[in-house]
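Student: I am attaching a structure below and will ask some questions about it afterwards.
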Amino acid sequence: MTVNIGTIALFRGGKMQDAPKALARERADPCEVILRASVDLGLGRPTLRSSGVSNAVWNHWFLAYLNPIMAEYTYNVVQNETPEFSYRQQVSDGMMAVVIIGKRRWPVKVRERYSSGFTLEVPRKLAKKIQEETPIDMLFDGRRMKVMPESLSRGEKKERLLGISTLEEYPEKEKISFGLWPFNRRTVMAASHSDSGLIFFGGSILFVFCVLAMPGVGDALGTSQRIEETLHYLGRLAVDVAYTARS
-17 MTVNIGTIAL
-7 FRGGKMQDAP
3 KALARERADP
13 CEVILRASVD
23 LGLGRPTLRS
33 SGVSNAVWNH
43 WFLAYLNPIM
53 AEYTYNVVQN
63 ETPEFSYRQQ
73 VSDGMMAVVI
83 IGKRRWPVKV
93 RERYSSGFTL
103 EVPRKLAKKI
113 QEETPIDMLF
123 DGRRMKVMPE
133 SLSRGEKKER
143 LLGISTLEEY
153 PEKEKISFGL
163 WPFNRRTVMA
173 ASHSDSGLIF
183 FGGSILFVFC
193 VLAMPGVGDA
203 LGTSQRIEET
213 LHYLGRLAVD
223 VAYTARS
């Protein structure tokens, strides 16, 4: 929405009392029209004063008409930006983290913690493997995060200090709990993005099933006959399904 020539002519011609009628004819948000007019005319700038309108007339019209309208639509034009706070602090001795490179995990000491990252004390072998601008994973305080190496320096005791910035934090893994019969203990596993949890669970069930089907163990526990009957039932069921699918 832009202010038309007629509205600007009313402003420059000194007919300030007729401006609300011009705004009504626009059939638009009054705040939008007024703000665009203020940008084009430059409120209180030489552009407005050179039009022949005295400051007294302009101030009177502004206080009478523009001020109430702009106060009503203040929330449309004011942007509230949340300030960002940064901090840097020393951590207590003994606070450790784990840096993951490939399949190997390196324990490191956390020296400093600040708003966007950490300062780590790393061993010499790890310092040789770390490359700048190559993201790595780190475990700290029960969380897993992706970090970016930024600087590698030496401290007062010639220790190697690695400055890293945090890129993202991985979501917490969902925990799946299940019980394996005939054991009464509950096994808790962390479900990761891979299928390792399902493979372990399926392998455990298959192992228990094979143990119970063995002649010596099965006869002693009385499970061999039940397992045999179950296998026969599943075999007949598979044959029936295959026959039904063909027909």
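Using the working numbering, you'd call the opening residue of the sequence shown number -17 and step up by one each time.
All C-beta atoms in this analysis are idealised placements derived from N, C-alpha and C, irrespective of residue type, glycine included.
Under 8 Å: do the segment 138 to 147 and the segment 179 to 189 share three or more Cβ pairs, one atom per stretch?
Tutor: No, the segment 138 to 147 is not in contact with the segment 179 to 189.
Student: Once DSSP output is grouped into helix, strand and coil, what is the label at residue 71?
Tutor: Within the sequence shown, residue 71 is the residue found at index 89, counting from 1. Here residue 71 sits in strand by DSSP.
Student: Rounding to the nearest angstrom, what Cα-Cα distance links residue 207 and residue 225 in this structure?
Tutor: The residue given as residue 207 occupies position 225 in the sequence shown. The residue given as residue 225 occupies position 243 in the sequence shown. Roughly 27 Å between the two C-alpha positions.
Student: Whole angstroms is fine: what's the gap from residue 79's alpha carbon to residue 154's?
Tutor: The count along the sequence shown starts at 1 and reaches residue 79 at position 97. The count along the sequence shown starts at 1 and reaches residue 154 at position 172. Those two C-alpha atoms are separated by around 17 Å.
Student: Cα-Cα, which of 81, 111, 112 and 107 is closest to residue 123?
Tutor: As a first step, residue 123 is located in the sequence shown; it is residue number 141 there, counting from the start. Comparing Cα positions, the closest option is 81.
Student: Using only CA atoms, which one of 213, 102 and 108 lies nearest to residue 87?
Tutor: Reading the sequence shown from its first residue, position 105 is the one you call residue 87. Ranking 213, 102 and 108 by Cα distance to residue 87 puts 108 first.
Student: In terms of residues, what are the limits of the beta strand (DSSP E) holding residue 119?
Tutor: Along the sequence shown, one-based indexing puts residue 119 at 137. Its beta strand (DSSP E) spans residues 118 to 122.
Student: Roughly how many angstroms lie between the CA atoms of residue 132 and residue 74, to the nearest whole one?
Tutor: The residue you call residue 132 lines up with position 150 of the sequence shown. The residue you call residue 74 lines up with position 92 of the sequence shown. Going from the Cα of residue 132 to the Cα of residue 74 covers about 23 Å.
Student: Between the Cα of residue 95 and those of 143, 228 and 185, spot the shortest distance and give me the residue it belongs to.
Tutor: Counting from 1 along the sequence shown, the entry for residue 95 is found at position 113. Closest option to residue 95, Cα to Cα, is 143.
Student: When the Cα atoms are used, what is the spatial distance from residue 228 to residue 222?
Tutor: If you number the sequence shown from 1, residue 228 lands on position 246. If you number the sequence shown from 1, residue 222 lands on position 240. The straight-line gap from Cα to Cα measures roughly 10 Å.
Student: With a 10 Å radius around its C-beta and 16 neighbouring C-beta atoms as the bar for buried, classify residue 116 as buried or exposed.
Tutor: Counting from one through the sequence shown, the residue named residue 116 turns up at place 134. Residue 116 comes out exposed.
Student: Do you know whose CA, among 126, 219 and 83, lies nearest residue 110's CA?
Tutor: Walking along the sequence shown from the start, residue 110 turns up at place 128. Nearest of 126, 219 and 83 to residue 110, Cα basis: 83.
Student: Quick check on residue 135: does DSSP put it in helix, strand or coil?
Tutor: As a position in the sequence shown, residue 135 is number 153, starting the count at 1. Correct three-state label for residue 135: strand.
Student: Give the range of the alpha helix (DSSP H) segment to which residue 115 is assigned.
Tutor: As a first step, residue 115 must be located in the sequence shown, where it is residue number 133. It is not in any alpha helix (DSSP H) - residue 115 carries neither H nor E in the DSSP assignment.
Student: Which value, in whole angstroms, describes the spacing of the CA atoms of residue 216 and residue 209?
Tutor: Position 234 of the sequence shown, counting from 1, holds the residue named residue 216. Position 227 of the sequence shown, counting from 1, holds the residue named residue 209. Rounded to the nearest angstrom, the two C-alpha atoms are 10 Å apart.
Student: Using 10 angstroms around the beta-carbon of residue 101, count the other beta-carbons present and answer buried if the total reaches 16, otherwise exposed.
Tutor: Numbered from its first residue, the sequence shown carries residue 101 at position 119. Its Cβ being crowded by 16 or more others within 10 Å, residue 101 is buried.
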